[in-house]
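*Asks:*
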Amino acid sequence: MFYRQVGAVPPKRHTQHRDARDNLYYEELMGEEGFTGASSLLYHRALPAAIVDSSVWQLPDQTLTANHPLRHRHLRLPELFGGETCAGTDPVTGRRLLLANADVRISYVVAMCASPLYRNAIGDELVYIESGAAEVESVFGTLPVRQGDQLIMPRATTHRWLPTGDQPLRAYAIEASSHLTPPKRYLSKFGQLLENSPYCERDLHGPTAPLLREGTDVEVLVKHRAGAEVVGTRLTYATHPFDVVGWDGCLYPYTFDIADFEPITGRVHQPPPVHQAFEATNFVVCNFVPRKVDYHPLSIPVPYYHSNVDSDEIMFYCGGDYKARKGSGIAQGSVSVHPGGYAHGPQPGAYERSIGAEFFDELAVMVDTFRPLQLGEGALACEDPDYAWTWSGRGPGLR
0 MFYRQVGAVP
10 PKRHTQHRDA
20 RDNLYYEELM
30 GEEGFTGASS
40 LLYHRALPAA
50 IVDSSVWQLP
60 DQTLTANHPL
70 RHRHLRLPEL
80 FGGETCAGTD
90 PVTGRRLLLA
100 NADVRISYVV
110 AMCASPLYRN
120 AIGDELVYIE
130 SGAAEVESVF
140 GTLPVRQGDQ
150 LIMPRATTHR
160 WLPTGDQPLR
170 AYAIEASSHL
180 TPPKRYLSKF
190 GQLLENSPYC
200 ERDLHGPTAP
210 LLREGTDVEV
220 LVKHRAGAEV
230 VGTRLTYATH
240 PFDVVGWDGC
250 LYPYTFDIAD
260 FEPITGRVHQ
270 PPPVHQAFEA
280 TNFVVCNFVP
290 RKVDYHPLSI
300 PVPYYHSNVD
310 SDEIMFYCGG
320 DYKARKGSGI
330 AQGSVSVHPG
340 GYAHGPQPGA
350 YERSIGAEFF
360 DELAVMVDTF
370 RPLQLGEGAL
380 ACEDPDYAWT
390 WSGRGPGLR
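Heads up: the sequence shown begins at 0 in numbering that gives the first Met the number 0, then just goes up one per residue.
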């Protein structure tokens with residue numbers, strides 16, 4: 000990320016910074032990879048390490064089930080939060096786990112309530128806003144989010160979600176066990192987004208002003224690891240964490256509107272890496288947006304059939320009309336799970352119907368992992384049991 004300065008900071012780092020009454024502010028370094036990665040310096044009114052209690056926070060159900068026997072799956076997310084079930088739900092504790100491995104956890108939530116203060120100490124989060132709006136408050140300031148935004152929240156950033164408006168917030172959360180960054184091939188050796196990148200710094204929006212809150216005995220929910228297990232702790236701080244008067248650096252939350260992603264197209268069908276928006280350890284995130292398609296006179300615009308030799312491919316369908324999946328039951332709010340191990344591709348008839356198409360009106364967020372995913376309780380609760388057989392029409396229940 001590029002350098003940003005917000006609020007009051009001293010002329011030189013690691014030097015005295017005082018208020019109008021000559022009281023010292025307390026400097027905190029938030030940095031990646033020890034002291035060798037991207038970082039920011041934050042200046043607090045009170046000690047950022049002062050806690051008065053630590054207790055267990057019982058996380059929502061984290062149970063995982065292997066994708067065994069192996070098969071493609073279709074998850075119908077609208078079934079997870081029907082009727083009034085979202086009225087008392089918040090965007091953090093209400094998340095239902097869909098898929099996970101040691102590198103990434105994918106969840107979905109429909110929420111109307113403000114969340115507790117929250118910190119993910121395992122890795123960065125990318126939260127895609129399917130619909131609705133919210134204010135996201137953090138130690139860095141406030142960021143508004145709306146439909147189509149992808150919010151990147153750095154690891155260990157204390158923040159909370161405040162849904163706004165009359166409609167529930169529908170959010171698709173991708174939680175890494177590492178850091179989420181633009182792909183290296185889009186960056187210069189100094190970190191600037193290059194001309195061949197499908198987005199640039201102007202498309203990334205960070206906080207613009209400090210957020211000052213007061214309070215004592217303030218609780219923060221922390222997700223972290225205990226060995227290989229994902230667990231939760233409830234920390235109680237002596238003073239409110241949102242007491243930062245200023246900060247500067249290259250590490251902070253920001254939003255990216257998926258509508259600002261500029262698709263890369265060609266004469267013949269382009270492989271999924273041209274849609275890549277972000278990368279992390281052992282997985283990538285791709286954005287499929289409305290675009291002109293292949294213009295070779297003999298082109299076949301939908302994807303060719305392919306075996307995921309190294310990857311599980313997870314597609315969240317969040318808008319438009321996805322041509323390759325017609326006839327499968329997939330619609331707005333669906334997630335397809337195409338695991339490594341055997342081929343997948345367009346539904347029957349889609350290959351032929353795409354010939355001559357000039358434009359695809361589709362919107363989807365894809366996660367490709369390089370280690371197998373397991374199924375969370377949310378996936379098992381909303382699976383379409385017939386999806387795997389839709390290419391042949393002869394599976395159990397369809398014969």
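Yeah, the Cβ is synthetic: ideal placement off N, Cα and C, and Gly gets one too. Since this is a predicted model, take the numbers as computed values, not measurements.
Please name the residue, chosen from A7, V5, E26 and N22, that lies closest to T14 on a Cα-to-Cα basis.
*Replies:* Minimum Cα distance to T14 is reached at E26.
*Asks:* Tell me whether A133 sits in a helix, a strand or coil according to DSSP, three-state version.
*Replies:* Strand, per DSSP.
*Asks:* Return the CA-CA distance between E174 and G392, expressed in angstroms with no decimal places.
*Replies:* Between E174 and G392, the C-alpha separation is close to 35 Å.
*Asks:* Is it the case that the Cβ atoms of V417 and T264 are separated by a distance below 8 Å?
*Replies:* Lying before the first or after the last residue shown, residue 417 is absent from the chain, which here runs from 0 to 398.
*Asks:* Runs of 3 residues minimum, wholly inside the region 73–102: which ones carry the beta strand (DSSP E) assignment?
*Replies:* Runs found: 95–99.
*Asks:* Leaving out five residues before and five after F1 in sequence, what residues of the same chain have Cβ atoms less than 6 Å from its Cβ?
*Replies:* Contacts found: E200.
*Asks:* Can you pull the DSSP bridge partners for H204?
*Replies:* Answer is T254, bridged to H204.
*Asks:* Can you look up L63 in the DSSP assignment and give me helix, strand or coil?
*Replies:* Correct three-state label for L63: strand.
*Asks:* If distances are taken between C-alpha atoms only, which option among C317, G332 and L220 comes closest to A378?
*Replies:* Closest by alpha carbon: G332.
*Asks:* If you reduce the DSSP assignment to three classes, tell me which class K402 lands in.
*Replies:* Residue 402 lies beyond the stretch modelled for the chain, which goes from 0 to 398, so this question has no answer here.
*Asks:* Using 8 Å as the cut-off, can you tell me whether the region 161–181 makes contact with the region 255–273, which would need three or more C-beta pairs spanning the two stretches below that distance?
*Replies:* Not touching, per the Cβ criterion.
*Asks:* In chain order, what residues of the same chain lie with their CB nearer than 6 Å to the CB of G93, ignoring the 5 residues before and after it?
*Replies:* Closer than 6 Å at Cβ, skipping near neighbours: V108 and A110.
*Asks:* For V103 versus T389, is the C-beta distance shorter than 8 Å?
*Replies:* Their beta carbons are not under 8 Å apart, which means V103 does not touch T389 by this criterion.
*Asks:* List, from N- to C-terminal side, the alpha helix (DSSP H) runs of 4 residues or more that fit wholly inside the region 311–356.
*Replies:* If we require 4 residues or more, the alpha helix (DSSP H) runs fully inside the region 311–356 come out as 349–352.
*Asks:* Taking just the CA atoms, how far does H223 sit from R70?
*Replies:* One C-alpha to the other measures close to 31 Å.
*Asks:* Going by CA-CA distance only, name the one from H204, P240 and F241 that's closest to F255.
*Replies:* Closest by alpha carbon: H204.
*Asks:* In chain order, what residues of the same chain lie with their CB nearer than 7 Å to the CB of G87, ignoring the 5 residues before and after it?
*Replies:* Here the set comprises C112.
*Asks:* G348 and P302: beta carbons closer than 8 Å?
*Replies:* No, the pair does not count as a contact, with Cβ atoms beyond the cut-off.
*Asks:* The alpha helix (DSSP H) spanning G6 covers which residue range?
*Replies:* It is not in any alpha helix (DSSP H) - G6 instead sits in the beta strand (DSSP E) that spans R3 to G6.
*Asks:* Name the two residues that bound the continuous beta strand (DSSP E) containing L234.
*Replies:* Start and end: E228 to T238.
*Asks:* Taking a contact to mean a Cβ-Cβ separation below 8 Å, would you say T64 touches Q373 in this structure?
*Replies:* Their beta carbons are under 8 Å apart, which means T64 touches Q373 by this criterion.
*Asks:* To the nearest angstrom, how far is the alpha carbon of S39 from that of Q149?
*Replies:* Using only the alpha carbons, I get a separation of about 21 Å.
*Asks:* Give me whichever residues DSSP pairs with I50 in a beta bridge.
*Replies:* In the DSSP output, where bridge partners are listed per residue, I50 has Y236.
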